[in-house]
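First the structure, in the form of C-alpha cells, and then the observations on it.
In my numbering, the protein residues as written are 48 to 329.
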C-alpha cells in the first residue's frame with residue numbers, strides 16, 4: 048500500500064490523481080507498510096567539496112565539484128533497520144546478519160556489505176514495483192547538508208554534537224575505553240541507537256550524523272576530474288572499492304563528522320556500517 052502524509056495526500060485522493068505526480072519536496076511516504084519511510088528532496092545545485100587538509104577524500108588532493116539535480120528525488124528518512132532487513136531475509140532474498148548482540152528492531156542494520164545493500168534494494172524494487180537503489184555520493188552529500196553550504200558541523204561546539212547524532216562519547220568510552228579521545232558529551236547510547244533518536248537535519252533526515260556509516264553507489268576514483276555533474280554515480284576507477292559516507296557510533300573527532308567520502312572493499316562488513324536507500328521519482 049502506498050501511504051503519504053500531508054495535504055497533498057488528501058488532494059490526490061479527492062482528485063484521483065496519481066500520487067507520483069503530487070509528491071512535493073518535504074513530503075514523506077512509504078510504498079508498503081514495512082517499507083523504508085522516504086523524504087522528497089528538492090532539485091537544486093550545490094558544490095561537493097573536501098578540503099585538501101581534511102580526511103576522507105580519495106587522495107591527498109581536495110576537490111570542489113559543482114552538481115545540479117534537475118529533478119527531485121526521495122531518500123530514506125532513516126537508515127535501513129534490522130526490522131526491514133529481516134523481511135528480506137524471511138522472503139529468502141537476503142542473508143541473515145549478525146547484530147553483535149546489540150538488538151534488532153529499529154536499530155540500523157549492520158554487518159552488511161555493499162553487495163548485501165544492493166541485494167536489498169533490488170528486492171525492495173521487486174516488491175514495490177518502484178526503482179530503489181543506493182544513493183550516489185552527490186545525492187547523499189546534498190541530502191545530508193540539507194541546503195546549507197558548509198560541512199555538517201558548522202559552528203556546533205563538540206559538547207553539542209550528541210544532540211545531533213550517536214557518536215563515540217562518554218557512554219561509549221566508559222564501556223570500550225578505546226585508545227583515542229572521546230567527544231565531550233553523552234548521547235546515552237553505548238553502541239548503535241534506534242533510528243530517529245536524535246535531531247533531524249533541515250530536510251527531515253535522521254542519523255546522517257553518527258550511528259552508522261552508509262554505503263553509496265560510487266566507485267573509488269583517482270580524482271574528481273570528469274565526475275558527473277548531474278548527481279549520477281561516479282563509476283570510473285576501482286569498482287572493487289565502494290564509497291561510504293557520514294559517521295558512526297565510533298566516530299570521535301569532529302573533523303571526521305564531515306560528509307567526506309571514504310572507500311572500502313565492496314564485501315566489507317563492519318559493526319558501524321549500514322545504508323539508507325534512494326527511490327527515483329517518475
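Glycine included, C-beta positions come from ideal geometry on N, C-alpha and C.
Per-residue burial, residue i [other beta carbons within 10 Å of its own, 16 or more giving buried]
i	result
residue 151	exposed
residue 268	buried
residue 263	buried
residue 293	buried
residue 100	Low local confidence applies: a pLDDT of 42 at residue 100 is under 50, so the model's placement there is unreliable, with the coordinate-based value given in what follows. Exposed is the call here.
residue 190	buried
residue 117	exposed
residue 160	buried
residue 225	exposed
residue 234	buried
residue 245	buried
residue 298	buried
residue 121	buried
residue 311	buried
residue 231	exposed
residue 145	exposed
residue 273	exposed
residue 228	exposed
residue 58	Because the pLDDT at residue 58 is just 34, under 50, the model does not fix this residue reliably, and the point stays unresolved.
residue 250	buried
Expected contact under 8 Å - CB spacing of residue i and residue j to nearest Å
i	j	result
residue 260	residue 127	That pair is no contact at about 13 Å.
residue 157	residue 212	No, residue 157 and residue 212 are not in contact; Cβ-Cβ is about 16 Å, not under 8 Å.
residue 94	residue 182	Wrong, their Cβ atoms sit about 18 Å apart, outside the cutoff.
residue 186	residue 124	Contact flag wrong, Cβ pair sits at about 14 Å.
residue 177	residue 78	6 Å
residue 71	residue 86	Not quite, the Cβ-Cβ distance comes to about 11 Å (not below 8 Å), so this is no contact.
residue 296	residue 219	6 Å
residue 119	residue 328	6 Å
residue 290	residue 184	5 Å
residue 168	residue 180	5 Å
residue 153	residue 275	No, residue 153 and residue 275 are not in contact; Cβ-Cβ is about 34 Å, not under 8 Å.
residue 266	residue 284	5 Å
residue 143	residue 136	5 Å
First through last residue of the alpha helix (DSSP H) which encompasses residue i
i	result
residue 220	217 to 223
residue 189	184 to 192
residue 165	161 to 175
Given residue i as reference, the closest of the options once Cα atoms are compared
i	options	result
residue 238	88, 86, 149	149
residue 170	204, 193, 133	133
residue 288	175, 162, 146, 125	162
residue 192	279, 217, 298, 89	89
residue 313	296, 327, 297, 286	286
residue 141	153, 233, 164	164
residue 188	113, 315, 167	113
residue 252	276, 194, 317	194
residue 319	236, 265, 258, 266	258
residue 243	254, 214, 209	254
residue 236	247, 69, 221	221
residue 208	172, 247, 223, 173	247
residue 130	82, 216, 174	82
residue 76	155, 175, 111	175
Unbroken beta strand (DSSP E) run spanning residue i, endpoints
i	result
residue 129	Element bounds for residue 129: not the beta strand (DSSP E) but the alpha helix (DSSP H), 129 to 137.
residue 81	That residue, residue 81, is in no beta strand (DSSP E); it is neither H nor E in DSSP.
residue 261	260 to 267
residue 289	285 to 292
residue 311	309 to 312
residue 122	120 to 123
Test: residue i CB closer than 8 Å to a CB of chain B
i	result
residue 315	Here chain B cannot be found, since the structure has a single protein chain.
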